[in-house]
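Below is one structure, written out as structure tokens; comments come after it.
Protein chains in written order, with our numbering: chain A, 3 to 107; chain B, 97 to 383.
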């Protein structure tokens, strides 16, 4: 399951043990391609990592705060702090490896 | 949307061979490329070592490939693929403004000549785009630059000029659009793309040309840009002897899979890639 971030409301991300935030936009082709891949991963990693989506047009402040200059951008948070990031479309297994690099299974 | 069994990208000897074998093996195939067969093949002076076609000219060889496709009712879809996304169980291809879906993909695009411009890699997706038809609307009412390497880039620049505020066109070959209103031709050689967080100008010896996006329109996109996550080595895709890449369901053949750059080797690899793709599809069907 993916929680949509609205009005820059970020407290759920900051209070999670592990959170992955997908910064994207409706007009971005690679973002649209990445969305279903992340959706599948969120089911497979349910219980370990919490998944969020932030539309950059609706959350400009967050995008600026976390230095988003290209989308799709994934930021992995641990205990409320950004610990790793990845930019652009990637196949599912690459994304899983990216997450598992930080998240203790 | 129809989902093909196999999408073959590139209509040279490798792609044509792959499409022929995949069709004979009863798979639904979309062959994407130049409708009159690869221009590089057509311009070849003479081919001396292709069995069965001694001393063929490029024209004769291309015509023979086309005739073979025609005999099997295999059409060529004239589109430019700017990205191939590995979605997990299938692939999505960005083909001009359309999306094409396929369960397996065979890359036969040839090798990209030339290195990227300084700044091009750094700003790709951040003010550098390879696809005018897909990204034009992001820059509506804003100034852009086009670095055009072929005749199609002229058409794309004209299309862009209807949407953006201004197009500065840098011709890299003989073709250039006719200047009109907001479409200008700049006869200076781009030395690089500059900017901060995003690309903001094309640099030439004469100075900088500010813009919000630089469209770099080449005949072929470097393979690791074309397919995010694809393992490459230099200009080539890493393949094993069955033409498999590191991505399940994605195969590569011909010049893009490495040297020697020979037509007969390309055709042979196209055949192997198609057979490997068929095997992959059949295994997946069995679950």
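Just so it is clear, CB atoms sit at the ideal spot from N, CA and C, and this is done for glycine as well.
Values in this document were obtained by computation on a predicted structure and should not be read as measured data.
**Message:** So if I threshold CB-CB distances at 9 Å, which residues from the region 255 to 289 of chain B count as touching chain A?
**Reply:** Answer in chain order: no residues at all.
**Message:** I want to see whether chain B comes within less than 8 Å of residue 98 of chain A, judged by CB atoms only; does it?
**Reply:** Residue mapping note: residue 98 of chain A aligns to position 96 of the first chain, counting from 1. So no, residue 98 of chain A is outside the interface.
**Message:** Under DSSP, the alpha helix (DSSP H) around residue 184 of chain B begins and ends at which residues?
**Reply:** Locating residue 184 of chain B in the second chain gives position 88, counting from the first residue. DSSP places residue 184 of chain B outside any alpha helix (DSSP H), giving it a letter other than H or E.
**Message:** Quick check: the region 155 to 167 of chain B against the region 286 to 298 of chain B, are at least 3 beta-carbon pairs closer than 8 Å?
**Reply:** Segments in contact, no.
**Asked** Shorter than 8 Å from the beta carbon of residue 35 of chain A to some beta carbon of chain B?
**Response** Stepping through the first chain from its first residue, residue 35 of chain A is reached at position 33. True, the Cβ-Cβ gap to chain B drops below 8 Å.
**Prompt:** Is there a Cβ from chain B that is less than 8 Å from the Cβ of residue 8 of chain A?
**Reply:** Here the question's residue 8 of chain A lines up with position 6 in the first chain. Under the Cβ distance rule, residue 8 of chain A does not count among the residues neighbouring chain B, no pair being separated by less than 8 Å.
**Message:** Against chain B, does residue 42 of chain A count as a neighbour if the rule is that its beta carbon must be under 8 Å from one of theirs?
**Reply:** Indexing the first chain from 1 puts residue 42 of chain A at position 40. Chain B, which has a Cβ nearer than 8 Å to the Cβ of residue 42 of chain A, makes this yes.
**Request:** Just the chain B side, please: which residues come within less than 8 Å of residue 26 of chain A by C-beta, in chain order?
**Result:** Residue numbering aside, residue 26 of chain A sits at position 24 when the first chain is read from its first letter. Those do not exist, as residue 26 of chain A stays about 12 Å from chain B at its closest Cβ, beyond 8 Å.
**Request:** Within the same chain, show all residues whose beta-carbon is closer than 8 Å to that of residue 37 of chain A, passing over the 5 residues directly before and after it, in chain order.
**Result:** One-based indexing of the first chain puts residue 37 of chain A at position 35. Only 24, 26, 55 meet the Cβ criterion.
**Asked** According to a CB-to-CB cut-off of less than 7 Å, which residues of the region 82 to 93 of chain A neighbour chain B?
**Response** Result list: 90, 91, 92, 93.
**Prompt:** Given that residue 58 of chain A touches chain D, what residues does it touch there, using C-beta distances under 7 Å?
**Reply:** Going by chain labels, chain D is absent from the structure shown, which instead holds the protein chains A and B.
**Request:** Go through its chain and collect everything with a Cβ distance to residue 306 of chain B's Cβ below 8 Å, but skip five positions before and after it.
**Result:** Along the second chain, one-based indexing puts residue 306 of chain B at 210. Closer than 8 Å at Cβ, skipping near neighbours: 239, 296, 297.
**Prompt:** Hey, residue 366 of chain B and residue 349 of chain B: beta-carbon distance below 8 Å or not?
**Reply:** For the purposes of this step, residue 366 of chain B is taken as the residue at position 270 of the second chain. For the purposes of this step, residue 349 of chain B is taken as the residue at position 253 of the second chain. Their beta carbons are under 8 Å apart, which means residue 366 of chain B touches residue 349 of chain B by this criterion.
**Prompt:** Would residue 185 of chain B be called buried (16 or more neighbouring beta carbons within 10 Å of its own) or exposed?
**Reply:** On the second chain, residue 185 of chain B is found 89 positions in, with the first residue counted as 1. With fewer than 16 Cβ atoms within 10 Å of its Cβ, residue 185 of chain B is classed as exposed.
**Asked** Going along chain A in order, which residues have a C-beta closer than 8 Å to the C-beta of residue 314 of chain B?
**Response** Mapped onto the second chain, residue 314 of chain B falls at position 218. Here the premise fails: no neighbours, minimum Cβ distance about 19 Å.
**First through last residue of the beta strand (DSSP E) which encompasses residue 281 of chain B** = For the purposes of this step, residue 281 of chain B is taken as residue 185 along the second chain, with counting starting at 1. Per DSSP, residue 281 of chain B is one residue of the beta strand (DSSP E) stretching across 279 to 281.
**Request:** Label residue 28 of chain A either buried or exposed according to how many other C-beta atoms from any shown protein chain fall within 10 Å of its C-beta, with 16 as the threshold for buried.
**Result:** By one-based count along the first chain, residue 28 of chain A stands at place 26. Counting every other CB atom within 10 Å of its CB across the protein chains shown gives residue 28 of chain A a total below 16, marking it as exposed.
**Prompt:** By Cβ distance below 6 Å, which residues in the same chain neighbour residue 257 of chain B in space, the five residues on each side in sequence not counted?
**Reply:** To locate residue 257 of chain B, count along the second chain from 1; it is residue 161. Leaving aside the five residues that flank residue 257 of chain B on each side, the residues in its chain whose CB is nearer than 6 Å to its CB run, in chain order, 263, 278, 279.
**Prompt:** Applying a beta-carbon distance threshold of less than 7 Å, which residues of chain B neighbour residue 31 of chain A?
**Reply:** Mapped onto the first chain, residue 31 of chain A falls at position 29. What residue 31 of chain A touches in chain B: 190, 230.
**Prompt:** Counting pairs of beta carbons, one from the region 128 to 145 of chain B and one from the region 208 to 228 of chain B, are three or more of them closer than 8 Å?
**Reply:** Using a C-beta cut-off of 8 Å, the region 128 to 145 of chain B makes no contact with the region 208 to 228 of chain B, since fewer than three inter-stretch Cβ pairs fall below that distance.
**Item:** Proximal chain B residues relative to residue 39 of chain A, where beta-carbon distance stays under 8 Å
**Value:** Position 37 of the first chain holds residue 39 of chain A. Residues of chain B whose Cβ lies closer than 8 Å to the Cβ of residue 39 of chain A are, in chain order, 183, 184.
**Below-8 Å beta-carbon distance, residue 324 of chain B vs any chain A residue** = Along the second chain, read from residue 1 onward, the residue named residue 324 of chain B stands at position 228. By this cut-off, residue 324 of chain B is an interface position.
**Prompt:** For residue 81 of chain A, does the three-state DSSP call read helix, strand or coil?
**Reply:** Reading the first chain from its first residue, position 79 is the one you call residue 81 of chain A. Reduced to three states, the DSSP call for residue 81 of chain A is coil.
**Message:** Across the region 135 to 153 of chain B and the region 191 to 199 of chain B, are there enough close Cβ pairs to call them in contact, namely three or more that are closer than 8 Å?
**Reply:** The region 135 to 153 of chain B makes no contact with the region 191 to 199 of chain B: fewer than 3 CB pairs, one atom from each, lie closer than 8 Å.
**Asked** Whose C-alpha, out of A:80, A:70, A:51, A:85, is nearest the C-alpha of residue 98 of chain A?
**Response** Here residue 98 of chain A refers to the residue found at position 96 when the first chain is read from its first residue. Nearest to residue 98 of chain A by C-alpha distance, out of A:80, A:70, A:51, A:85, is A:51.
**Message:** Using the three-state DSSP reduction, which class does residue 121 of chain B fall into: helix, strand or coil?
**Reply:** Taking the second chain and counting its residues from 1, the one referred to as residue 121 of chain B is at position 25. Three-state DSSP puts residue 121 of chain B in coil, outside helix and strand.
**Prompt:** Taking three-plus beta-carbon pairs below 8 Å as touching, is the region 61 to 76 of chain A in contact with the region 86 to 101 of chain A?
**Reply:** With a cut-off of 8 Å, the region 86 to 101 of chain A and the region 61 to 76 of chain A count as touching, because enough Cβ pairs lie within range.
**Prompt:** How far does the beta strand (DSSP E) with residue 310 of chain B in it reach, from first residue to last?
**Reply:** Against the second chain, residue 310 of chain B aligns to sequence position 214. Residue 310 of chain B: member of the beta strand (DSSP E) spanning 309 to 313, first to last residue.
**Through-space distance from residue 333 of chain B to residue 354 of chain B, alpha-carbon basis** = Sequence index remark: in the second chain, residue 354 of chain B carries index 258 (1-based). Sequence index remark: in the second chain, residue 333 of chain B carries index 237 (1-based). If you draw a straight line from the Cα of residue 354 of chain B to the Cα of residue 333 of chain B, it comes to about 7 Å.
**Asked** If you draw a straight line from the alpha carbon of residue 454 of chain B to that of residue 212 of chain B, how long is it in whole angstroms?
**Response** Past the boundaries of the shown model lies residue 454 of chain B; chain B is included only from 97 to 383, so the question cannot be answered.
**Request:** Could you say which of B:339, B:368, B:126, B:119 lies nearest to residue 175 of chain B if we only look at CA atoms?
**Result:** Counting from 1 along the second chain, the entry for residue 175 of chain B is found at position 79. Nearest option by C-alpha distance: B:126.
**Segment limits, beta strand (DSSP E) that includes residue 244 of chain B** = Mapped onto the second chain, residue 244 of chain B falls at position 148. Counting along the chain, the unbroken beta strand (DSSP E) around residue 244 of chain B starts and ends at 239 to 244.
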